[in-house]
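Peer 1: Below is the structure I would like to discuss, written out as structure tokens.
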Amino acid sequence: MKRAAVAAVAAAVLLGAAAVLWNVHARASVTEVTGLVGSEKEGFFADEAVRDRFAELGYRVQVRGRGSRAITTADTGGVDFAFPSGAPAAEAFRTRHGVDREHRPFFSPMVVLSHRPVAEALQRAEAAAPAGDGTWTLDMAAYLDLAEDGTRWRDLPGGAPEGTGRNTVLIRTTDPRTSNSAAMYLAVVGYLLNGEEVVSGPAPGVAERAVPLFLDQGGPPDTSRQPFDSYIALGPGHTPLLWAYESQYVAAGAAGELPEEAAVLYPAPTAVSAHTVLPLTGAGDEVGRLLTEDPELQRLAAEHGFRTTDPGVFADAAAAAGLPVRTRLDDTVNAPGHAAMEGLIREVERHYAGKPAAGTAG
Amino acid sequence: MRPGRRRARAAALAALLAAALAPACTPQASGVLRVLAGSELADMEPLLERAEQETGVRVEMDYTGTLEGVQQVVSGQAARDYDAIWFSSNRYLALHPEGRDALGEQTSVMASPVVLGVARSTAEELGWTGGAEVTWADVAEAAAGGDLSYGMTSPAASNSGFSALVGVAAALSDAGSALRASDVAGAAPELERFFSGQRLTAGSSGWLADAYVRRATGQDPGPELNAMVNYESVLLSVERREELPEPLAVVHPADGAVTADYPLTLLEPAGAQAAERYGALVDHLMGEEVQEEIGRTTHRRPMAPGAADPGPPSLPELPFPATAEVADGLIGAYFDEYRRPARTVFVLDSSGSMAGERMAALRTAVDTLTGGDGGSLDGRFQRFYHRERVTLLPFASGVHRARTFEVDSGDPGEALDGIRAGVRALEPGGWTAGYAALAEAYGLLAEEETGGRFTSIVLLTDGEVNRGPGLAEFRDGVHAGLGGELRGVPVFPVLLGESDPAEMEELAELTGGRVFDARSTSLDEAFREIRGYQ
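Taken in order, these protein sequences are the chains called A and B. Using numbering that gives the first Met the number 0, the first residue of the first sequence is number 0, and each one after it goes up by one. Using numbering that gives the first Met the number 0, the first residue of the second sequence is number 0, and each one after it goes up by one.
Structure, rendered in structure tokens:
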């Protein structure tokens, strides 16, 4: 009995010690989580305040930036969650990896970033107008007319804004094959070219007219961050019009990085991109839940320009940064479903590869 | 917010936290990042040393030519040996599906447009100073009128030459958007006028800039140039070189330029460690202070906002082709149609020591140049060009009979077959009368009209010259007596086997050439690399 009692005490002591150790370890230990995220969200995850908040919640989140559509085919070894933008990209990832859960913590409407003299030139051409709240409205149908006619900046009434002269009026986008941002552009122009209806099936006539809007830009960049960096650093001559996430504009504005004469144009119509977390592990799922539910992470997301479930949080963040934004988005279109979108993109891809479109001779 | 702009307070806090946990973990990002880089990025080494001190990430750069790098990425070799690539642009690479798929995260660290530098007196004569508006068409006009002799790198070897070709083609065809094959075809006469002014070609933008300076100062016997197409950053560094007899005026054509944006790019599939090191390095490089230093020390435009103050002029970005087909068609037409044709003499050692493997290597190398290595991207244009005149001049104890071929644009096959057969017929034996053969090569060139061609001599020897005149006799007895145009014909010695590197270096310097080392690579690679200089 005595020995048993000693053993029991010893066991209890050991257990106690183990418990203390376990407790210490648990508090110090941090779950490492790796995500594949659309490049427009890298800045959010790199923010120390975001990292600190995740640390408080017990996570260390590492991210690898990719084009949202490239995320679908990227290597997922060691990856806990994917975080692409846009419903079509999310749908593609879900299907390919058999993911059945998702979180939609943030949203971003697409905008066109420009420079005041460029916006004014478009205004003289009756394709853009100031909205009274410091933002501009870009009439996408009028823009399409200019672009499809191959209008040069120098041909606009009142002449070309400095540095833009010889180039055609054309919005710079990312690569629709790899990036969601460009796919959203395709959604909007596809809607207009389809007689103001969302493309829902094979639409060779729409694709044929949409293809030059991409190919005429030349070799496109892969992610939404690259052309954005060029827009900020290299002036209106380099990038007069850029298709971007509103969040990129707000985040850069809050950090005081926008060009002096930056102008934000809300396309009419525009598309709203949902940023979707697709978990591959339990930890990835938990990160998705925290991004959606943790008020502090939601507040930080708004600081980075993302709209969250509470519109007031975004409006406050933009106001704090002194940035004009469109508070109400009235004129938006839905992206086509995954299959219809893939059909359009495949058509663009064929032309990039220098091959004739399917169904045409030779 | 961009990663470079994290809050200092939070960073300090994180550092404290890291210190508290120190026994449990080492600095997260420390370690080596292996990078395959364009040779022009060697000037980033001091900044990378500082990055190592501050981030713990040691960057190991291996340098290569831009298009050779593209080939390594496309073939998958780069992903096996490196974590990341860093070239002046990924645009040509991204035109190829295999290239695009290999690219992971990319960050443009800095930028530099490809523009024109003109000797100040020439710029004044042409009325191009004082903020005058100059277009690429004006440059073509001056070139065709004989007022402009410029150097430009080979578009098949170097990104600055390729960017210039694309930009000039877009500007001269007045394409408002991405170039199409029809734009290029329509602008052919204008492009020929533009390239009639090109009098020097090179495989790298750095060598080109050095050659420009050497010619301007008379160190290099080649004809003096009065302009150079190069990165704005290279032109700004040359502009300030004290030894230049007159400064360069940097001309930013009003119709725009193609801009290199130096994307530091993680290769797929990157491991988590490499990704972390990459992240730490990029954060450091994009910080405002480092960006300012990049602007100050390399003259490239910083990409972080506010770091360039006052900013250089914003240039329209000339459209880049959207397909590989158009880009490759343009490069092919440049060599075969637009630029001045090449005149090349191959002085080939067929002494006894060349027997066996070395002769086989020579045959392989010549097969590549005559067949064009269509399977590799860089090899596609490292070949004999249409309109090129090629002489094979073998030597051993004495100088053998020369055979000359001209590659006809309509039927290139005949000359190419002849060149291949000529090399196959070489029978090694005897000693090495290298300088006697070289003197004969200049003699051959003296008998013909070489003006207007890119003329050069390739000297392949696999051992010390041990018959006939030596280098001193060649220098004083032959080279010193050459007429102006011939004196400017460079010799490109190729090191093989037991050749004397120091002597070949001296020969290259004497003639304004460059030594290529086939001992460390292969004869095939050396011959292909020389193409960039011919």
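Yeah, the Cβ is synthetic: ideal placement off N, Cα and C, and Gly gets one too. These figures come from a predicted structure and were not determined experimentally.
Out of B:Leu494, B:Arg466 and B:Ala438, which has the shortest C-alpha to C-alpha gap to Ser481 of chain B?
Peer 2: Indexing the second sequence from 1 puts residue 481 of chain B at position 482. According to the sequence displayed, residue 481 of chain B carries Leu and not Ser. Nearest to Leu481 of chain B by alpha-carbon distance, out of B:Leu494, B:Arg466 and B:Ala438, is B:Ala438.
Peer 1: Name, please, each residue of chain B whose Cβ falls closer than 8 Å to the Cβ of Gln216 of chain A.
Peer 2: As a first step, residue 216 of chain A is located in the first sequence; it is residue number 217 there, counting from the start. Within chain B, the residues near Gln216 of chain A are Ser176, Ala177, Pro318 and Ala321.
Peer 1: Using a cut-off of 8 Å between C-beta atoms, extract the partners of Pro235 of chain A located in chain B.
Peer 2: Along the first sequence, one-based indexing puts residue 235 of chain A at 236. Ser313, listed in chain order.
Peer 1: Is any beta-carbon of chain B found at less than 9 Å from that of Asn408 of chain A?
Peer 2: Examination of residue 408 of chain A is not possible in this model, given that chain A is present from 0 through 361 alone.
Peer 1: Asp416 of chain B lies in the alpha helix (DSSP H); which residues open and close that run?
Peer 2: Counting from one through the second sequence, the residue named residue 416 of chain B turns up at place 417. Note, Asp416 of chain B: alpha helix (DSSP H), Pro411 to Arg423.
Peer 1: Could you check whether the Cβ of Gly283 of chain A sits closer than 9 Å to any Cβ belonging to chain B?
Peer 2: Mapped onto the first sequence, residue 283 of chain A falls at position 284. Chain B, which has no Cβ nearer than 9 Å to the Cβ of Gly283 of chain A, makes this no.
Peer 1: Skipping 5 residues on each side, what residues in its chain have a beta carbon closer than 6 Å to that of Ser162 of chain B?
Peer 2: As a first step, residue 162 of chain B must be located in the second sequence, where it is residue number 163. Cβ within range, chain order: Val113 and Val257.
Peer 1: In the structure shown, what three-state DSSP assignment does His274 of chain A receive?
Peer 2: Looking up residue 274 of chain A in the first sequence gives position 275. His274 of chain A falls in the strand class under three-state DSSP.
Peer 1: Closest by CA to Thr65 of chain B, which one among B:Glu44, B:Leu40 and B:Gly483?
Peer 2: Here residue 65 of chain B refers to the residue found at position 66 of the second sequence. Thr65 of chain B has its Cα closest to that of B:Leu40, out of B:Glu44, B:Leu40 and B:Gly483.
Peer 1: Under 6 Å Cβ to Cβ from Leu121 of chain A, same chain only, skipping five residues before and after it: list those, please.
Peer 2: The sequence position of residue 121 of chain A within the first sequence is 122, counting from 1. Closer than 6 Å at Cβ, skipping near neighbours: Ala127.
Peer 1: So for Leu20 of chain B, helix, strand or coil by DSSP?
Peer 2: For the purposes of this step, residue 20 of chain B is taken as the residue at position 21 of the second sequence. Its pLDDT being 42, under 50, Leu20 of chain B is placed unreliably in this model, and the value from its coordinates should be taken loosely. Here Leu20 of chain B carries a coil assignment [DSSP, helix/strand/coil].
Peer 1: Would you please state the rounded distance, in angstroms, between the beta carbons of Ala577 of chain B and Ala122 of chain B? I believe it to be under 8 Å.
Peer 2: Summary: the structure shown does not reach residue 577 of chain B, with chain B confined to residues 0 through 533, and so no result is reported for it.
Peer 1: Taking only heavy atoms of the ligand NAD into account, decide whether any of them is closer than 8 Å to the Cβ of Leu485 of chain B.
Peer 2: The model depicted lacks the ligand NAD and carries no ligand whatsoever.
Peer 1: At a Cβ threshold of 9 Å, is Glu528 of chain B touching chain A?
Peer 2: Taking the second sequence and counting its residues from 1, the one referred to as residue 528 of chain B is at position 529. Taking Cβ atoms only, chain A never reaches closer than 9 Å to Glu528 of chain B, which makes this a no.
Peer 1: Give, in chain order, every unbroken run of the alpha helix (DSSP H) that is at least 4 residues long and sits entirely within the segment 185–221 of chain B.
Peer 2: 187–194 and 204–215
Peer 1: For Gly164 of chain A, which residues in the same chain have their Cβ closer than 8 Å to its Cβ, ignoring the five residues on either side in sequence?
Peer 2: Residue 164 of chain A sits at position 165 when you count from the first residue of the first sequence. Within the same chain, Gly164 of chain A has close Cβ partners Arg151, Trp152 and Arg153.
Peer 1: Using a threshold of 9 Å, state whether the C-beta atoms of Ala186 of chain A and Pro83 of chain A are closer than that.
Peer 2: Taking the first residue of the first sequence as position 1, residue 186 of chain A is located at position 187. Taking the first residue of the first sequence as position 1, residue 83 of chain A is located at position 84. Not in contact: Ala186 of chain A and Pro83 of chain A (Cβ atoms no closer than 9 Å).
Peer 1: Would you mind sorting Asn333 of chain A into buried or exposed? The rule is 16 or more other CB atoms within 10 Å of its CB.
Peer 2: Numbered from 1 along the first sequence, position 334 holds the residue referred to as residue 333 of chain A. Result: exposed.
Peer 1: Measure the beta-carbon distance from Asp138 of chain A to Gly66 of chain A and round it to whole angstroms, keeping in mind my assumption that it falls under 8 Å.
Peer 2: Taking the first sequence and counting its residues from 1, one reaches residue 138 of chain A at position 139. Taking the first sequence and counting its residues from 1, one reaches residue 66 of chain A at position 67. Asp138 of chain A to Gly66 of chain A, Cβ: 28 Å. No contact.
Peer 1: Alpha carbon to alpha carbon, how far is Glu287 of chain B from Leu485 of chain B?
Peer 2: To locate residue 287 of chain B, count along the second sequence from 1; it is residue 288. To locate residue 485 of chain B, count along the second sequence from 1; it is residue 486. Using only the alpha carbons, I get a separation of about 51 Å.
Peer 1: Does any C-beta atom of chain A lie closer than 9 Å to the C-beta of Tyr441 of chain B?
Peer 2: Position 442 of the second sequence, counted from the start, is the residue given in the question as residue 441 of chain B. Chain A contact via Cβ: absent.
Peer 1: Going along the segment 247–265 of chain B in order, which residues come within less than 9 Å of chain A, judged by CB to CB distance?
Peer 2: Of all residues in the segment 247–265 of chain B, the ones placed with a Cβ closer than 9 Å to any Cβ belonging to chain A are Ala253, Asp254, Gly255, Thr258, Asp260, Pro262 and Leu265, in chain order.
Peer 1: Are three or more beta carbon pairs between the segment 294–303 of chain B and the segment 224–234 of chain A nearer than 8 Å?
Peer 2: yes
Peer 1: Can you give me the Cβ contacts of Val167 of chain B inside the same chain, cut-off strictly under 6 Å, excluding the 5 residues immediately before and after it?
Peer 2: Looking up residue 167 of chain B in the second sequence gives position 168. Here the set comprises Trp135 and Phe193.
Peer 1: Which residues in the same chain have their Cβ closer than 6 Å to the Cβ of Asp61 of chain B, if we skip the five residues on either side of it in sequence?
Peer 2: Position 62 of the second sequence, counted from the first residue, corresponds to residue 61 of chain B. These residues qualify, in order along the chain: Leu35.
Peer 1: Examine chain A for any beta-carbon lying closer than 9 Å to the beta-carbon of Val325 of chain B, and answer yes or no.
Peer 2: Working through the second sequence from its first residue, we reach residue 325 of chain B at position 326. Closer than 9 Å to some Cβ of chain A, the Cβ of Val325 of chain B qualifies, so yes.
Peer 1: Determine which residues share a DSSP beta bridge with Ile84 of chain B and list them.
Peer 2: Indexing the second sequence from 1 puts residue 84 of chain B at position 85. Ile84 of chain B is bridged to B:Leu35 and B:Thr264.
Peer 1: Just checking: is the beta-carbon of Pro154 of chain B within a distance shorter than 9 Å of some beta-carbon in chain A?
Peer 2: Translated into the one-based positions of the second sequence, residue 154 of chain B becomes position 155. Output row for Pro154 of chain B: interface = no.
Peer 1: So with CB distances below 7 Å, who are the chain B contacts of Leu169 of chain A?
Peer 2: Position 170 of the first sequence, counted from the first residue, corresponds to residue 169 of chain A. Neighbours of Leu169 of chain A on chain B, chain order: Ser176.
Peer 1: With His102 of chain A as the anchor, note down where its beta strand (DSSP E) starts and where it stops.
Peer 2: The count along the first sequence starts at 1 and reaches residue 102 of chain A at position 103. Per DSSP, His102 of chain A belongs to the beta strand (DSSP E) from His102 to His114.
Peer 1: Relative to the C-alpha of Leu415 of chain B, which residue among B:Ala359, B:Pro252, B:Trp127 and B:Arg386 is closest?
Peer 2: On the second sequence, residue 415 of chain B is found 416 positions in, with the first residue counted as 1. Of the listed residues, the one whose Cα sits closest to Leu415 of chain B is B:Arg386.
Peer 1: Which of the three DSSP states is assigned to Gly535 of chain B in this structure?
Peer 2: Because chain B in this structure spans residues 0 to 533, residue 535 of chain B falls outside the shown range and cannot be described.
Peer 1: Quick one: residues in its chain with C-beta nearer than 7 Å to the C-beta of Phe53 of chain A, no 5 flanking neighbours on either side, listed in chain order?
Peer 2: Reading the first sequence from its first residue, position 54 is the one you call residue 53 of chain A. Taken in chain order, the residues that qualify are Arg59 and Val60.
Peer 1: Distance cutoff 9 Å, beta carbons only. Does Tyr58 of chain A sit that close to anything in chain B?
Peer 2: Within the first sequence, the letter at position 59 stands for residue 58 of chain A. Chain B places no beta carbon closer than 9 Å to that of Tyr58 of chain A, leaving this residue out of the contacts.
Peer 1: Taking 7 Å as the limit between beta carbons, can you name the residues of its chain near Ala279 of chain B, skipping five residues before and five after?
Peer 2: Your numbering for residue 279 of chain B matches position 280 in the second sequence. Ala28, Thr54 and Val56, listed in sequence order.
Peer 1: Below 6 Å CB to CB, which residues in the same chain sit around Arg63 of chain A once its five sequence neighbours on both sides are set aside?
Peer 2: Against the first sequence, residue 63 of chain A aligns to sequence position 64. Within the same chain, Arg63 of chain A has close Cβ partners Leu35.
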